[in-house]
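Going letter by letter, the sequence shown gives residues 2 to 440 in this note's numbering. We put the beta carbon where it would ideally sit given N, CA and C, even for glycine. Remarks on the structure that follows.
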Amino acid sequence: MKFVDLVRIKVKAGRGGNGCLSFRREKFVPKGGPDGANGGDGGNVILQAVDGIHTLTDFEFEKKFSAEHGEPGQGQKKVGKTGKDLIVNVPCGTIVYDEETGEPLADLVEAGDQVVVAQGGRGGRGNMHFASAVRRVPRFAEKGEEGEERNLRLELKLIADVGLVGFPNAGKSSLLAAISNARPKIAGYPFTTLSPNLGILAVDDERIVVADVPGLIEGAHDNKGLGIYFLRHIERTRVLVHVLDLSSGTSDEVLRQWEVICNEFKEYKEDLLERPYMVVGNKVDLEKGQKNAPVVESFMKSKGIPYYTTSALSGEGITVFMNALVELCRENPRPHSETRLFETIEPEKEIKTPPFRKKVEKATIIKMEDGSGYRVVHANLERILKRYDFEQEDALFHFARLLKKYRIEELLEQEGAQEGDTVIIGDIEFEYEPEQVQE
2 MKFVDLVRIK VKAGRGGNGC LSFRREKFVP KGGPDGANGG DGGNVILQAV DGIHTLTDFE
62 FEKKFSAEHG EPGQGQKKVG KTGKDLIVNV PCGTIVYDEE TGEPLADLVE AGDQVVVAQG
122 GRGGRGNMHF ASAVRRVPRF AEKGEEGEER NLRLELKLIA DVGLVGFPNA GKSSLLAAIS
182 NARPKIAGYP FTTLSPNLGI LAVDDERIVV ADVPGLIEGA HDNKGLGIYF LRHIERTRVL
242 VHVLDLSSGT SDEVLRQWEV ICNEFKEYKE DLLERPYMVV GNKVDLEKGQ KNAPVVESFM
302 KSKGIPYYTT SALSGEGITV FMNALVELCR ENPRPHSETR LFETIEPEKE IKTPPFRKKV
362 EKATIIKMED GSGYRVVHAN LERILKRYDF EQEDALFHFA RLLKKYRIEE LLEQEGAQEG
422 DTVIIGDIEF EYEPEQVQE
């Protein structure tokens, strides 16, 4: 299966159902009141982390996800059905970003973690909601809100217990195959694996996930080579294994591999240097490997660094290395949710306050550059007006009340608006007619 760890998708929540404009029609009730009910809310789009998925490959073929719309309200006070939420499954370790702003929204680490990435639109209110002692026959109902629409970037950062790191062609894939059930594609080419390989090291009742991440070159922290695409996959690992190619030149050149890796960790994220690790000298079966092994081992022991010599090809030293790796993992258990890179950002919920404490945000009036009129900018006012159907008889009455609530006429007058000037609020355009004040 192709390993994909970065995709872009588009999500759209469901639209709210329209409110109903209806009146009771019963044989023995000649003047039945309003009975139009509210529309149902639109469904949300939810991303959920699940086990059993290890790549974002599926999102290369399906990039648009839409939730169900809410149903319109009906007469006889029948509220519209709420649209079903759409749950999209992603691998554990997926980070969700808003593509437009770059804002991180969620780090879905463990199976069951969820985040609402697009909220469904609210259903419109039916005319029974607008009945009052003054207006007993309201001929007005709201349209449903559009669902939230968003472009997202999904980035997978592997959740593995052990990360095998090293230069290209150091033998990481061969080592992974030797210690686990993984069967990565292995060849003696002078370039690196292009995507991580995962293997399971099963010991007693314990399962240790081992990741062979793409080879590292000097300057990776500046995004040279595979760069960040390599480094991000070791952020969650609790144990690191530095794999050195003992057959690559002199012993100094072999040790240089370890120095480069440590320097790249420092430049990318310094706390990676504090991660528990061991060093493995691989390819001891080759002539140069046999010659360099004692020098490298002596150097590592002088630094107090756990070091093991192996040959993934012949199996030499593999059992000793495996036992040491299992012991190191047991000494450093994975804390619950400790690998979460940031907390999930919960969607903002509307805070309901008593009417006498509610503050109405002031609108902004912008004069058109060509002098043709004025534009009123106010997010909440524009959102409300999208729900108005001006073909309904009482829509203008509610519109006038809304303008008064937000003091639009007063603000237009302060900006020098004259009778007959064009005023635009969202998609609504009308002529300014100041209310005549009677003495």
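Who does residue i pair with in a DSSP beta bridge?
i, result
"Val51", "Pro92"
"Ile367", "Arg376"
"Thr311", "Per DSSP, none; premise fails for Thr311."
"Asn198", "Asp213"
"Arg151", "Val12"
"Val280", "His243, Tyr308"
"Phe66", "Val12"
"Gln419", "DSSP, once it has assigned bridges, lists no residue as partnering Gln419."
"Pro35", "Phe24"
Given this structure, state the Cα-to-Cα distance separating residue i from residue j, to the nearest angstrom.
i, j, result
"Ala171", "Leu329", "22 Å"
"Ile425", "Val97", "36 Å"
"Pro92", "Leu106", "16 Å"
"Glu383", "Asp6", "39 Å"
"Ala221", "Glu265", "Below a pLDDT of 50, predicted positions are generally treated as unreliable, and Ala221, at 39, falls in that range; the measurement from the model is reported next regardless. Their Cα atoms are separated by approximately 7 Å."
"Glu268", "Val116", "32 Å"
"Gly103", "Asn152", "10 Å"
"Phe66", "Gln77", "34 Å"
"Val118", "Leu155", "12 Å"
"Gly81", "Ile47", "22 Å"
"Gly226", "Phe168", "Only weak support is given to the placement of Gly226: the predicted model assigns it a pLDDT of 39, under 50, and the value that follows is read from those uncertain coordinates. For Gly226 and Phe168, the distance between alpha carbons rounds to 11 Å."
"Asp390", "Lys144", "7 Å"
"Gly94", "Phe431", "51 Å"
"Gln258", "Leu247", "10 Å"
"Thr310", "Lys85", "57 Å"
"Glu436", "Ala112", "60 Å"
"Gly122", "Glu370", "34 Å"
"Glu298", "Gly305", "11 Å"
"Arg126", "Arg25", "17 Å"
"Asn283", "Glu332", "24 Å"
"Tyr433", "Phe141", "23 Å"
"Gly427", "Gln49", "35 Å"
"Ala294", "Arg208", "31 Å"
"Ile366", "Tyr375", "7 Å"
"Ala396", "Pro139", "10 Å"
"Glu410", "Arg402", "11 Å"
"Leu404", "Glu416", "16 Å"
"Phe192", "Asp253", "Unreliable placement is indicated for Phe192, whose pLDDT of 40 sits below 50; the coordinate value is still reported in the next sentence. Near 21 Å, if we compare the C-alpha coordinates of Asp253 and Phe192."
"Leu22", "Val110", "47 Å"
"Glu100", "Glu150", "12 Å"
"Ile319", "Ser181", "11 Å"
If I'm right that residue i touches residue j with Cβ under 8 Å, what's the distance once you round it to whole angstroms?
i, j, result
"Leu245", "Val255", "5 Å"
"Ala38", "Gln75", "6 Å"
"Arg137", "Gly43", "Contact flag wrong, Cβ pair sits at about 31 Å."
"Lys158", "Arg239", "With a Cβ gap of about 14 Å, Lys158 and Arg239 do not count as contacting."
"Arg388", "Glu146", "6 Å"
"Gly148", "Arg16", "5 Å"
Starting from the Cα of residue i, find the closest Cα among the options and give me that residue.
i, options, result
"Asp316", "Ser175, Glu146, Val210", "The identity of residue 316 in the sequence shown is Gly, whereas the question assumes Asp. When each option's Cα is compared against that of Gly316, the closest is Ser175."
"Asp114", "Asn90, Leu177, His130", "Asn90"
"Leu165", "Glu410, Val281, Ile306", "Val281"
"Ala364", "Asn381, Asp371, Glu370, Arg388", "Asn381"
"Met279", "Ser252, Met323, Glu236, Arg257", "Met323"
"Ile429", "Val110, Leu386, Arg408, Val214", "Leu386"
"Asp162", "Tyr433, Leu326, Arg9", "Leu326"
"Leu413", "Lys406, Arg26, Val377", "Val377"
"Ser312", "Val12, Arg126, Gln291", "Gln291"
"Thr56", "Val8, Gly121, Tyr375, Arg126", "Val8"
"Leu445", "Tyr308, Ile235, Leu287", "For residue 445 there is no data in the structure shown, the boundaries of the chain being 2 and 440."
"Phe62", "Asp253, Arg408, His70, Lys11", "Lys11"
"Asn198", "Asp422, Glu410, Ala178", "Ala178"
"Ile262", "Thr83, Ala134, Ala396, His243", "His243"
"Phe398", "Gly372, Val135, Ser23, Glu69", "Val135"
"Leu314", "Tyr308, Ala14, Lys173", "Lys173"
"Gly41", "Lys406, Glu275, Lys79, Leu87", "Lys79"
Following the continuous alpha helix (DSSP H) through residue i, name the residue where it begins and the one where it ends.
i, result
"His399", "396-406"
"Gln115", "No alpha helix (DSSP H) contains Gln115, which is instead part of the beta strand (DSSP E) from 115-119."
"Ser175", "173-180"
"Asp253", "252-269"
"Thr102", "Run containing Thr102: none; DSSP gives neither H nor E here."
"Glu328", "319-332"
Along the chain, where does the beta strand (DSSP E) that runs through residue i open and close?
i, result
"Glu430", "429-432"
"Leu245", "240-246"
"Pro295", "Careful: Pro295 lies outside any beta strand (DSSP E), inside the alpha helix (DSSP H) at 288-303."
"Val166", "163-167"
"Lys85", "Here Lys85 belongs to no beta strand (DSSP E), and DSSP marks it neither H nor E."
"Thr423", "423-426"
"Ala107", "105-109"
Hey, is residue i close to the ligand MN, as in C-beta under 8 Å from one of its heavy atoms?
i, result
"Lys368", "This structure lacks the ligand MN; in fact it carries no ligand of any kind."
Looking at chain B, is there any beta carbon in it that lies within less than 9 Å of the beta carbon of residue i?
i, result
"Lys292", "Annotation note: the requested chain B is absent from the structure, which comprises a single protein chain."
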